[in-house]
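Peer 1: Starting off with a structure, shown below.
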DNA sequence: GGTAAAACTGTGAACGTTACCGGGATTTTA
DNA sequence: TAAAATCCCGGTAACGTTCACAGTTTTACC
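Protein chains in written order, with the numbering used here: chain U, 1 to 344; chain P, 345 to 688.
This is the structure:
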């Protein structure tokens with residue numbers, strides 16, 4: 001790292017000199033420490049404003065051994081879920097005065113997790129939000145072990161692990177709601193297009209579908225199941241496969257709205273009318289789903305709120321730890337709800 | 345900022361002690377400085393690995409007066425464009441070894457820009473990518489003035505400003521392509537649903553639509569125009585308004601794909617067949633648009649690549665500046681292309 | 001009016017790294 | 001063979017802030 005000739009920035013020392021006080025006093029003013037007389041405080045603040053002094057966050061972090069930065073590990077913002085989570089995280093972080101350091105993981109590279117952990121530690125983040133959907137037991141443990149000594153972690157949308165704080169939407173319950181709705185409407189041969197089965201959330205949604213069928217004493221066999229990848233394209237081909245391997249199919253639970261869109265499209269191509277010949281329910285309630293043809297019945301969940309909660313939880317723990325009280329983040333599950341429209 | 349009792353981290357001093365060399369030599373090894381013998385280098389690296397030493401990025405930034413961090417100012421990841429940009433930025437940043445500090449602006453708060461600038465400066469970012477779509481002339485200048493002395497800036501999707509580097513997609517040309525396609529297909533009464541007119545990119549798309557009509561000697565009047573807000577809902581209500589105020593309407597250019605979806609929905613409600621009774625073209629080519637009914641003809645642009653380019657440009661300038669050669673970022677425009685499907 | 005407590009302010013040493021400069025050992029050049 | 005260049009390496013002083021502690025002044029109370 002070569003030195004770049006930037007204009008000298010104003011330092012705390014200059015402010016102190018101009019205000020006729022010590023550096024320490026200026027520091028106290030900046031940090032809203034109570035032990036400063038109103039008069040001194042006012043004088044210092046006047047100088048700060050005049051000189052346009054900005055405390056150097058880097059130096060602050062180094063001296064105080066803690067930064068104003070939260071690490072966010074994520075991936076795939078093109079998808080609705082991650083984008084929503086990140087937005088919520090950002091909103092809440094800004095409101096509470098935290099900065100965000102973004103890290104993307106490439107799950108295909110095994111040692112990418114180490115790189116990310118190293119980066120987070122090296123920047124001395126005060127807390128970490130793991131918003132990437134998947135982390136298997138062993139990797140989770142390894143990551144936890146690396147980060148935990150330095151900063152608390154909150155995981156999002158992941159399989160609950162003992163000893164870790166995981167914030168989730170109840171995917172299983174949501175899928176059950178969706179499927180039960182189909183059953184209520186009289187459909188009896190209900191297939192599913194799942195998300196990538198490597199993902200816990202996708203597996204949970206599949207379980208919810210099974211729950212509903214089981215409690216209605218309807219059979220569920222593997223020919224009723226097709227695995228998708230969250231994309232509309234996989235919903236489209238998914239339905240094609242499904243009708244082929246399970247001809248009596250009369251309804252589909254698509255594990256997200258994009259795939260549901262693909263299903264609607266394929267149904268159209270096959271000449272099947274929705275909801276008459278085929279019931280369809282999605283998951284996520286993306287803003288567009290109300291404008292599908294027909295408008296999609298789907299499961300709504302509050303991912304934005306989940307992201308906000310993650311930050312708040314981290315904030316709580318960090319504050320407590322700084323006050324000397326040991327605290328750990330706790331897990332939490334948000335309940336989704338069914339949004340009935342026209343597709344079932 | 346109170347001190348938290350975390351386990352002591354391994355410092356460069358301990359590595360130096362264990363390896364029997366000076367702190368400076370370890371620093372040289374970390375930074376791949378050439379002036380170290382292979383033998384010493386190997387010994388130091390062995391110790392680093394054994395002690396699991398991680399250089400403290402904060403201390404490094406402070407000492408070197410430059411960080412490994414790029415600032416990204418953005419907003420609205422739920423929208424396709426920003427999400428795509430951010431993904432591209434992240435990919436390229438990771439490949440080049442940069443970290444990202446994320447900042448969201450609330451455009452409704454006037455002084456939010458100052459807050460963001462202060463944050464970026466305080467964290468000593470090496471460069472800034474402004475990915476929030478809009479910054480008016482004056483604010484742009486103010487922001488520029490605050491940041492520029494500290495770090496180079498690249499703006500994305502914004503009105504080109506003299507003296508600033510702006511990376512853009514040619515929105516006007518893309519919109520022209522879309523509209524010309526409608527004209528070629530024989531539509532003559534072509535309306536438009538614009539994006540928020542406060543946004544330059546939305547205004548450019550409108551201009552492209554005008555260009556096409558003008559060069560085909562077709563009239564364009566204000567009753568052919570409705571302003572939307574990028575959402576499917578606004579596309580839906582937009583078409584309703586449009587047919588009311590301009591009954592002879594036979595085609596619509598929707599300024600993004602979400603609004604096009606809304607248009608398709610409204611057309612269906614009105615009993616108008618697409619593309620028979622009504623031609624529709626969108627903009628963005630979101631992955632779902634191929635699965636609309638009918639499949640949407642739209643304009644494709646490479647926002648992911650635009651994000652990557654922004655990082656590369658910044659990287660180039662920073663490198664050059666550190667090498668002592670003054671350099672400035674340059675502007676650039678990417679050309680979009682038409683994707684013909686079934687909706688026109 | 002004296003003492004103890006409270007309120008305020010300053011001093012010096014961290015925090016973990018890199019920049020700058022200087023010096024010895026080794027090789028190259030004239 | 002001496003001088004000059006090159007290669008390695010180390011010591012010291014930053015970078016801009018906060019922390020711990022030690023002062024000094026003011027206030028409160030009997």
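Quick reminder that beta carbons are idealized off the backbone N, C-alpha and C, glycines included.
Since I believe residue 99 of chain U is in contact with residue 400 of chain P (beta carbons under 8 Å), could you give me their beta-carbon distance rounded to a whole number of angstroms?
Peer 2: 18 Å between Cβ atoms; not a contact.
Peer 1: If the criterion is Cβ atoms closer than 9 Å, does the pair residue 226 of chain U and residue 194 of chain U meet it?
Peer 2: Cβ atoms of residue 226 of chain U and residue 194 of chain U: closer than 9 Å.
Peer 1: Since I believe residue 596 of chain P is in contact with residue 527 of chain P (beta carbons under 8 Å), could you give me their beta-carbon distance rounded to a whole number of angstroms?
Peer 2: Contact doesn't hold; Cβ gap of about 13 Å is too wide.
Peer 1: Take residue 654 of chain P and list the residues in its own chain whose beta-carbon comes closer than 7 Å to its own, dropping the five residues that flank it on each side.
Peer 2: Excluding residues within five positions, the ones whose Cβ falls inside 7 Å are 433, 473, 498, 500, 511.
Peer 1: Under the three-state reduction of DSSP, which class applies to residue 473 of chain P: helix, strand or coil?
Peer 2: In the structure shown, residue 473 of chain P sits in a strand (DSSP, three-state: E or B).
Peer 1: I'd like to know if residue 107 of chain U contacts chain P, where contact means its C-beta is closer than 9 Å to some C-beta of that chain.
Peer 2: Taking Cβ atoms only, chain P never reaches closer than 9 Å to residue 107 of chain U, which makes this a no.
Peer 1: Which chain U residues sit within Cβ distance under 7 Å of residue 398 of chain P?
Peer 2: 118, 121, 122, listed in chain order.
Peer 1: List the residues that DSSP assigns as beta-bridge partners of residue 227 of chain U.
Peer 2: Beta-bridge pairing links residue 227 of chain U to U/194.
Peer 1: Could you check which residue in U/230, U/62, U/333, U/288 has the C-alpha nearest to that of residue 574 of chain P?
Peer 2: For the residues U/230, U/62, U/333, U/288, the minimum Cα distance to residue 574 of chain P belongs to U/288.
Peer 1: Can you list the residues of chain P that residue 232 of chain U reaches, using a CB-CB cut of under 8 Å?
Peer 2: Those within 8 Å of residue 232 of chain U in chain P are 631, 632, 634, 635.
Peer 1: Rank P/620, P/467, P/361 by C-alpha distance to the C-alpha of residue 404 of chain P and give the top, closest one.
Peer 2: The residue with the shortest Cα to Cα distance from residue 404 of chain P is P/467.
Peer 1: Suppose contacts are defined by Cβ-Cβ distances below 9 Å. Is residue 249 of chain U in contact with residue 189 of chain U by that definition?
Peer 2: In contact: residue 249 of chain U and residue 189 of chain U (Cβ atoms closer than 9 Å).
Peer 1: Taking only beta-carbon positions, decide if residue 72 of chain U is within less than 9 Å of chain P.
Peer 2: Taking Cβ atoms only, chain P reaches closer than 9 Å to residue 72 of chain U, which makes this a yes.
Peer 1: Restricting to Cα atoms, I'd like to know which of U/158, U/164, U/160, U/159 is closest to residue 144 of chain U.
Peer 2: Checking every option, the nearest Cα to that of residue 144 of chain U belongs to U/164.
Peer 1: Take residue 210 of chain U and list the residues in its own chain whose beta-carbon comes closer than 7 Å to its own, dropping the five residues that flank it on each side.
Peer 2: Excluding positions up to five away in sequence, the list reads 220.
Peer 1: Under 6 Å Cβ to Cβ from residue 150 of chain U, same chain only, skipping five residues before and after it: list those, please.
Peer 2: Within the same chain, residue 150 of chain U has close Cβ partners 121.
Peer 1: Near residue 338 of chain U, which residues of its chain fall below 7 Å by C-beta distance, leaving aside the five closest residues on each side in sequence?
Peer 2: Once the five neighbours on either side are set aside, the close Cβ partners of residue 338 of chain U are 177, 178, 181, 299.
Peer 1: CB of residue 366 of chain P to nearest heavy atom of the ligand FAD: below 8 Å?
Peer 2: Here there are no bound small molecules, and the ligand FAD is not part of this structure.
Peer 1: Tell me whether residue 292 of chain U sits in a helix, a strand or coil according to DSSP, three-state version.
Peer 2: Three-state result, residue 292 of chain U: coil.
Peer 1: Any idea if residue 628 of chain P is buried or exposed, counting beta-carbon neighbours within 10 angstroms, 16 or more meaning buried?
Peer 2: Burial call: buried.
Peer 1: Report the three-state DSSP secondary structure of residue 273 of chain U (helix, strand or coil).
Peer 2: Coil, per DSSP.
Peer 1: Compare the Cα-Cα distances from residue 257 of chain U to each of U/294, U/75, U/273 and report the closest residue.
Peer 2: Nearest option by C-alpha distance: U/294.
Peer 1: Tell me the rounded alpha-carbon separation between residue 657 of chain P and residue 414 of chain P.
Peer 2: Those two C-alpha atoms are separated by around 12 Å.
Peer 1: Please look up how many angstroms separate the CB atoms of residue 606 of chain P and residue 566 of chain P, rounded, as I've assumed it's under 8 Å.
Peer 2: Contact flag wrong, Cβ pair sits at about 21 Å.
Peer 1: Leaving out the 5 sequence neighbours to the left and right, which residues in its chain are closer than 7 Å to residue 79 of chain U when beta-carbon positions are compared?
Peer 2: Once the five neighbours on either side are set aside, the close Cβ partners of residue 79 of chain U are 230.
Peer 1: Closest to residue 482 of chain P by C-alpha separation, out of P/454, P/459, P/496, would be which residue?
Peer 2: Checked all of P/454, P/459, P/496; the closest Cα to residue 482 of chain P is P/454.
Peer 1: Using the Cβ count rule (16 or more neighbours within 10 Å means buried), how would you classify residue 392 of chain P?
Peer 2: Its Cβ being crowded by 16 or more others within 10 Å, residue 392 of chain P is buried.
Peer 1: Going by DSSP, what residue range makes up the beta strand (DSSP E) through residue 153 of chain U?
Peer 2: Note, residue 153 of chain U: beta strand (DSSP E), 153–156.
Peer 1: Can you tell me whether residue 463 of chain P is helix, strand or coil according to DSSP?
Peer 2: Helix at residue 463 of chain P.
Peer 1: For residue 77 of chain U, name the three-state secondary structure that DSSP assigns.
Peer 2: Three-state result, residue 77 of chain U: coil.
Peer 1: Report the neighbours of residue 83 of chain U on chain P: residues whose CB is nearer than 8 Å to its CB, in chain order.
Peer 2: Within 8 Å Cβ-Cβ: 421, 422, 427.
Peer 1: Which residues does DSSP list as the beta-bridge partners of residue 598 of chain P?
Peer 2: Partner(s): P/537.
Peer 1: Which ranges does the alpha helix (DSSP H) cover as unbroken runs of at least 4 residues, wholly within the stretch 631–682 of chain P, from first to last along the chain?
Peer 2: As far as the stretch 631–682 of chain P is concerned, its whole alpha helix (DSSP H) runs of at least 4 residues are 647–666.
Peer 1: Within the 9 Å Cβ cut-off, does residue 59 of chain U reach chain P?
Peer 2: Interface residue, yes.
Peer 1: One question on the structure: do residue 342 of chain U and residue 275 of chain U come within less than 9 Å of each other, judged by their Cβ atoms?
Peer 2: Their beta carbons are under 9 Å apart, which means residue 342 of chain U touches residue 275 of chain U by this criterion.
Peer 1: Identify the residues that DSSP records as bridge partners of residue 240 of chain U: which are they?
Peer 2: DSSP output for residue 240 of chain U lists no bridge partner at all.
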